[in-house]
Amino acid sequence: MQPAVPAMCEPGEEACTREDEKWRSPLLQALVSGSVATATSLLRTRQADALNNPRLSILEDVFPLALTTIAELYDKYGVTGREKPYFDFARELWSLMPDHERQIPDMLCTFLYAGCKFNQIEFVAWVLPIVKQHAAINLVSLMCDRTYEFNQLRHSALYYVCMNGSSQLYDMFVDACGGISPFMFEATMYARVY
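Just so it is clear: in the sequence shown, position 140 is 395 by our numbering, and no numbers are missing.
So, in structure tokens, the structure goes:
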């Protein structure tokens with residue numbers, strides 16, 4: 256199910272709003288059509304044009320569409336092993352964002368959760384140190400608590416790691432916890448709750 260794209264309007268038309276105009280963007284058109292490789296290529300080769308004609312907000316226009324697209328694919332097909340281009344695209348977008356936007360805890364946590372959910376080893380290896388260093392993010396809660404305030408998915412990061420059976424991601428979590436299994440933190444947390 257693709258997002259609804261409004262009918263095109265010519266720039267300057269009275270009825271043409273910013274919302275209508277942004278859909279003229281080749282970047283958004285590539286995402287809507289499911290061609291994330293084309294969208295990534297546009298960012299890499301024609302970055303200024305891709306984000307400025309018309310003007311797009313990475314945070315408000317591009318990321319939400321990319322997330323919606325991958326979520327719809329997951330709902331339809333589950334984890335297929337072909338999701339890496341979406342994570343390359345997210346990483347490319349993140350590199351283009353201003354620093355204050357790069358540090359938004361919800362976004363960083365969503366990156367980690369999604370990387371774990373889709374078993375993206377390289378992506379998690381990239382984002383985990385960023386998340387770990389962020390002062391506003393509680394790494395143990397992120398890993399173990401599905402009700403953590405920055406969790407926009409349904410389960411904890413550790414749940415997704417276990418669901419996929421990824422020993423590589425689990426080992427990354429153990430290293431991030433100073434050599435201690437995140438299951439120890441999870442058991443302690445649940446012993447207090449229940």
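The beta carbon of each residue, even a glycine, is placed where N, CA and C say it ideally should be.
Nearest to residue i (by Cα), restricted to the options the options
{"i": "proline 309", "options": "Ser280, Ser396, Glu347", "result": "Ser280"}
{"i": "threonine 443", "options": "Gln388, Val416, Met398, Glu404", "result": "Met398"}
{"i": "glycine 333", "options": "Val317, Val429, Phe373, Ala345", "result": "Phe373"}
{"i": "aspartate 343", "options": "Val287, Ser411, Ala294, Met439", "result": "Ala294"}
{"i": "methionine 439", "options": "Gly420, Val416, Val395", "result": "Val395"}
{"i": "serine 288", "options": "Ile325, Glu441, Asp275, Asn419", "result": "Ile325"}
{"i": "glycine 336", "options": "Asn419, Gln388, Val386, Ile435", "result": "Asn419"}
{"i": "glutamate 441", "options": "Leu283, Cys371, Asn307, Asp400", "result": "Asp400"}
C-beta contact flag for residue i and residue j at 8 Å
{"i": "glutamate 327", "j": "glutamine 375", "result": "no"}
{"i": "valine 382", "j": "leucine 363", "result": "yes"}
{"i": "isoleucine 313", "j": "leucine 367", "result": "no"}
{"i": "valine 379", "j": "proline 340", "result": "no"}
{"i": "alanine 321", "j": "proline 360", "result": "no"}
{"i": "lysine 277", "j": "leucine 311", "result": "yes"}
{"i": "leucine 413", "j": "proline 437", "result": "yes"}
{"i": "alanine 305", "j": "leucine 282", "result": "yes"}
{"i": "histidine 389", "j": "glutamine 423", "result": "no"}
Where residue i sits in the DSSP three-state scheme
{"i": "arginine 310", "result": "strand"}
{"i": "glycine 370", "result": "helix"}
{"i": "serine 288", "result": "coil"}
{"i": "glutamate 404", "result": "coil"}
{"i": "serine 450", "result": "Residue 450 is absent from the model: the chain starts at 256 and stops at 449."}
{"i": "serine 436", "result": "coil"}
{"i": "serine 422", "result": "helix"}
{"i": "alanine 391", "result": "coil"}
{"i": "serine 280", "result": "coil"}
{"i": "valine 260", "result": "A caution first: valine 260 carries a pLDDT of 46, below 50, which makes its placement in the model too unreliable to give a value."}
{"i": "arginine 301", "result": "coil"}
Any chain B beta carbon closer than 8 Å to residue i
{"i": "isoleucine 392", "result": "The structure shown has no chain B; it contains just one protein chain."}
Notebook entry, point to check: What are the uninterrupted segments assigned as alpha helix (DSSP H) that are 4 or more residues long and contained completely in the stretch 335-382, given in chain order?
Noted result: Runs of the alpha helix (DSSP H) inside the stretch 335-382: 339-351, 354-357, 360-372.
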